[in-house]
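For reference, the structure is listed below as structure tokens.
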Amino acid sequence: MARTYEKTRGLTDIPLSYCPGCGHGIVHKLIAENLVELDILERTITIAPVGCAVLAYEYFNCDGIQAGHGRAPAVATGAKRTNPDKIVFTYQGDGDLAAIGTAEIVHAAHRGENITVIFVNNAIYGMTGGQMAPTTLIDMKTSTSPQGRAEPTTGRPIRMSEMLAQIPSVTYIERTSIHDIRHINQTKKAIKKAFQNQIDGCGFSMVEVLSTCPIGWAKKPVDAMKFVASDMLPYYPLGVYRDGGEAQ
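Have a look at this one:
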């Protein structure tokens, strides 16, 4: 029988620990495929976050380092500066990058560190119980905003791509999604470009990926994908926010 699909060697054989319908598995696959296709797998170092992807270093078939909560960009800076021939990327959720790790990501971007950041935005704290995150949408219900996020008391959701794109030393910022096949393919292209920028020594690149958290959102997996398209995209528009020179 002909084999129609084969798992990329960029991933290990360890079963993923993510919930059914979670987008992390899709993003992992896209990253791993790019590492193989760019022929950089053997010289890549992944910096794992604290959050749902805390065990990411077990899933990618390359070297990995576990960072403290929010500190992945700082750890990546040290890894890259001491090993400039390596390809270093951080894999971070919105609680890790946009909350406790805001300072680290902003300063790494301002320094123009030659690293790649994969930012998975599912608008909630997934691992710790579904609390409201900095990226949680207005009126979105979470375990800490059971009546829905209210702007007068918690402000508006933070848009990290738009903010970081204003930093002159940033090379590339793009926001993508994985809510359907077309956008999954676009996400793979964006991740590949971010890695290519690092290979070419261009500086700081970040791909923000809009993803799902069916358990945290209390939705079925299919409905969670629809929620990304209907509710997240209007507030988090997809596209390239910086590419080389000025913000787009």
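For the sequence shown, numbering that gives the first Met the number 0 begins at 0 and goes up steadily by one.
Ideal placement from N, C-alpha and C gives every residue a C-beta, glycine not left out.
Given Met126 as reference, the closest of Gly92, His182, Gln65 and Arg8 once Cα atoms are compared
Gly92
Quick check on the burial criterion: 16 or more other C-beta atoms within 10 angstroms. Buried or exposed for Met139?
buried
What are the start and end residues of the beta strand (DSSP E) that includes Ser176?
Val169 to Ser176
Which runs of the alpha helix (DSSP H) at least 4 residues long sit entirely within the segment 164-229? Give them in chain order.
180-198, 213-216 and 220-226
Identity of the residue in Ile117, Val227 and Ile123 nearest Lys28 by Cα
Ile117
So, Met131 versus Thr143, is the Cβ gap smaller than 7 angstroms?
yes
Is it buried or exposed for Ile190, if we count other Cβ within 10 angstroms and need 16 for buried?
buried
Which residues mark the beginning and the end of the alpha helix (DSSP H) in which Thr152 is found?
Glu150 to Thr153
Could you tell me the boundaries of the beta strand (DSSP E) in which Thr89 lies?
Ile86 to Gly92
DSSP three-state assignment for Val336, whether helix, strand or coil
As displayed, the chain neither begins before 0 nor continues past 247, which places residue 336 out of reach and without an answer.
Please go through the same chain and pick out, in chain order, the residues whose beta-carbon is closer than 8 angstroms to the beta-carbon of Leu37, but skip the five residues on each side of it.
Lys191, Phe194, Gln195 and Ile198
Counted within 10 angstroms of its Cβ, other Cβ atoms place Gly9 as buried (16 or more) or exposed
buried
Residues near Asp179 by beta carbon distance below 8 angstroms, same chain, minus five either side:
Met224 and Ala228
Take Gly111 as the anchor and find which of Lys85, Trp216 and Gly202 has the nearest alpha-carbon.
Gly202
For my contact list, Tyr240 and Glu161 are in at a C-beta cut-off of 8 angstroms; report their separation, rounded to the angstrom.
6 angstroms
Can you tell me whether Arg2 is buried or exposed? The criterion is at least 16 other CB atoms within 10 Å of its CB, across all chains shown.
exposed
Using a threshold of 7 angstroms, state whether the C-beta atoms of Gly129 and Gly100 are closer than that.
no
In its own chain, which residues sit with a C-beta less than 7 angstroms from the C-beta of Tyr124, not counting the 5 before and 5 after it?
Gly94, Gln130 and Ala132
Can you name, in chain order, every residue of its own chain whose Cβ lies under 7 angstroms from the Cβ of Ser16, other than the five neighbours on each side?
Leu54
Val74 classed as buried or exposed, judged by whether at least 16 other C-beta atoms fall within 10 angstroms:
buried
Between Tyr171, Gly200, Cys18 and Lys6, which lies nearest to Ala217 when the distance is taken from Cα to Cα?
Cys18
Expected contact under 8 angstroms - CB spacing of Leu136 and Asp230 to nearest Å
6 angstroms
Quick one: give me the first and last residue of the alpha helix (DSSP H) that Asn33 is part of.
His23 to Glu36
Ala108 versus Ile214: straight-line alpha-carbon distance, rounded:
32 angstroms
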